[in-house]
Amino acid sequence: MNFDHSDKTKELLARLERFMDDHVYPNEKTYNDQMEAFRKEGDPWQVPQILEDLKPKAREAGLWNLFLPESERGGGLTNLEYASLCEIMGRVGWASEVFNCSAPDTGNMEV
22 MNFDHSDKTK ELLARLERFM DDHVYPNEKT YNDQMEAFRK EGDPWQVPQI LEDLKPKARE
82 AGLWNLFLPE SERGGGLTNL EYASLCEIMG RVGWASEVFN CSAPDTGNME V
């Protein structure tokens, strides 16, 4: 079995790495601070504003719905291609939500 990345996947990996470097990693403290404020208010189930701020940027960067196979609204990737992107998103626990790729939403959207 060939596990080499396709050119399409290599390009997406580079874009995703850049996005993580530019937007996600620098905002880890912001996310944690916002979540801590919600906990102190007694309502930890709110969505931190930083997530909502980053979602349009991910969409503009072409990094939205990457999990959707054979779709004009998603990445059109195979599971093998998508797995490498998940490894990068998984470096920060909340990052997949920025790209609209978080469970359980992904499974529900495919149905």
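Okay, so the sequence shown: first residue is 22 according to the numbering used here, each after it adds one. Where is the CB? At the ideal position from N, CA and C, for every residue including glycine.
C-alpha of Pro-47 to C-alpha of Glu-102: approximately 26 Å in a straight line. Ranked by Cα distance from Val-119, the options Met-41, Glu-108, Asp-64, Ala-58 are led by Met-41.
The DSSP-derived three-state label of Ala-104 is helix.
Contact check for Val-45 against Ala-124 fails: the beta carbons are separated by 8 Å or more.
In the displayed model, Thr-30 falls within a helix according to three-state DSSP. When the five nearest sequence neighbours on each side are left out, the beta carbons in the same chain lying within less than 7 Å of the beta carbon of Trp-85 are those of Ala-79, Phe-120, Asn-121, in order along the chain. The three-state secondary structure of Asn-53, taken from DSSP, is helix. DSSP places Pro-65 in the coil class of the three-state scheme, outside both helix and strand. Phe-88 counts as buried, since at least 16 other C-beta atoms from the protein chains shown sit within 10 angstroms of its C-beta.
Cβ-Cβ separation between Arg-39 and Gly-83: approximately 12 Å, too far for a contact (criterion under 8 Å).
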